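Peer 1: Take the sequence shown: its letters are residues 356 to 638, numbered as in the numbering used here.
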Amino acid sequence: MDTAKGIGIIVNNPENADVRSLEGVSPTKNKSVAIIAVPTTAGTAAEVTINYVITDPEKQRKFVCVDPKDIPVVAVVDSDMMSSMPKGLTAATGMDALTHAIEGYITLGAWELSDMFHIKAIELISKSLRGAVKNESEGREGMALGEYIAGMGFSNVGLGVDHSMAHPLSAFYDTPHGVACAILLPPIMEFNRDYTGEKYREIARAMGVKGVDDMSQEEYRDAAINAVKQLSLDVGIPQDLKGIVQEKDIPFLSDSAFKDACKPGNPRDCTAEEIAAIYKSLI
Numbered sequence: 356m357d358t359a360k361g362i363g364i365i366v367n368n369p370e371n372a373d374v375r376s377l378e379g380v381s382p383t384k385n386k387s388v389a390i391i392a393v394p395t396t397a398g399t400a401a402e403v404t405i406n407y408v409i410t411d412p413e414k415q416r417k418f419v420c421v422d423p424k425d426i427p428v429v430a431v432v433d434s435d436m437m438s439s440m441p442k443g444l445t446a447a448t449g450m451d452a453l454t455h456a457i458e459g460y461i462t463l464g465a466w467e468l469s470d471m472f473h474i475k476a477i478e479l480i481s482k483s484l485r486g487a488v489k490n491e492s493e494g495r496e497g498m499a500l501g502e503y504i505a506g507m508g509f510s511n512v513g514l515g516v517d518h519s520m521a522h523p524l525s526a527f528y529d530t531p532h533g534v535a536c537a538i539l540l541p542p543i544m545e546f547n548r549d550y551t552g553e554k555y556r557e558i559a560r561a562m563g564v565k566g567v568d569d570m571s572q573e574e575y576r577d578a579a580i581n582a583v584k585q586l587s588l589d590v591g592i593p594q595d596l597k598g599i600v601q602e603k604d605i606p607f608l609s610d611s612a613f614k615d616a617c618k619p620g621n622p623r624d625c626t627a628e629e630i631a632a633i634y635k636s637l638i
């Protein structure tokens, strides 16, 4: 779907034939050719977003293109199309969708309408992902809806440094994007915890944690992070970057993440050195 978006934009904006020129907020004048998007994973929500991600193999990086002119004209979201996904891909794409919902909920651009989408998406995903991994129809349906709703939200308000850090892992080591997002999510939530007001309480509640109204701020923040960790464990996601990241590569990874288009949306400003420290903590 991302490839179709890039092609569709370039066909009608030939002056941007080099797709690298479309990085960030794209300077296009004309709408993409009409795209009908049929997702076969419950993860990226590319069928409904203004974003697409391109891999530049020469520079070993991924870059994000943001353009409201690339939205597909029709999205066909059918959980039956996703039923042949193996367990690992189901888990990884599902955790990508959860990362969209959580990052979109706490991003600097978040507001009441986007919060409505993201809280519902967190609820659906946390309730459905375990069943989807078991290939249960109810879980598949819940994930199809949850990833779509998350896309409706974050497409309007952006993401954060989790996605900024996940992109170079995929480009440099070919780590599955959803796996990278999932491994990074708990430490990034920890990094951002003091910049999120009461939002972690609502994340914990949406993920099924009981008694959040009786918890202190520290307790419900811990509860939200622990609920994410537990879901990740339950669906078989690795819990660190050991065997993936080599320490000698961290300066390159950190520089790429720092320059990524998703970083400015993070609720807590971060330096390349802080990004590097998070990478190091996981190896």
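Beta carbons: idealized from backbone N, C-alpha and C, even for Gly. All values reported here derive from a predicted model rather than from experimental measurement.
Excluding the five sequence neighbours on either side, which residues of its own chain have a C-beta within less than 6 Å of the C-beta of residue 391, listed in chain order?
Peer 2: Cβ neighbours of residue 391 beyond the five flanking positions: 429.
Peer 1: Measure how close the beta-carbons of residue 451 and residue 533 come, nearest whole angstrom, since I'm counting them as under 8 Å.
Peer 2: So it is a contact: roughly 4 Å between Cβ atoms.
Peer 1: For residue 617, which three-state DSSP category applies?
Peer 2: If DSSP states are grouped into helix, strand and coil, residue 617 belongs with coil.
Peer 1: Please classify residue 395: does DSSP put it in a helix, a strand, or coil?
Peer 2: Three-state result, residue 395: coil.
Peer 1: Here's a check: name, in chain order, each residue in its chain whose Cβ is nearer than 7 Å to the Cβ of residue 387, leaving out the five neighbours to either side.
Peer 2: So the list reads 360, 363, 364, 367, 424 and 425, once near-sequence residues are dropped.
Peer 1: Using 8 Å as the threshold, is the C-beta distance between residue 463 and residue 479 below it?
Peer 2: Cβ atoms of residue 463 and residue 479: not closer than 8 Å.
Peer 1: Is the distance from the Cβ of residue 331 to the Cβ of residue 615 below 8 Å?
Peer 2: For the chain, the structure presents residues 356 to 638; residue 331 sits outside this window and is missing.
Peer 1: Per the contact definition of three or more C-beta pairs closer than 8 Å, is the segment 488-499 in contact with the segment 528-544?
Peer 2: Verdict: no, contact absent.
Peer 1: Does the count of Cβ pairs from the segment 629-638 and the segment 548-565 closer than 8 Å reach three?
Peer 2: No, the segment 629-638 is not in contact with the segment 548-565.
Peer 1: Can the beta-carbon of residue 483 be found less than 8 Å from the beta-carbon of residue 471?
Peer 2: Contact flag unset, no.
Peer 1: If you follow the beta strand (DSSP E) that residue 495 is in, where does it begin and where does it stop?
Peer 2: No beta strand (DSSP E) holds residue 495; the alpha helix (DSSP H) holding it covers 492-512.
Peer 1: Helix or strand or just coil, what does DSSP make of residue 405?
Peer 2: In the structure shown, residue 405 sits in coil (DSSP, three-state: anything other than H, G, I, E or B).
Peer 1: Does DSSP put residue 411 in a helix, a strand or coil?
Peer 2: Looking at residue 411 - three-state DSSP - the assignment turns out to be strand.
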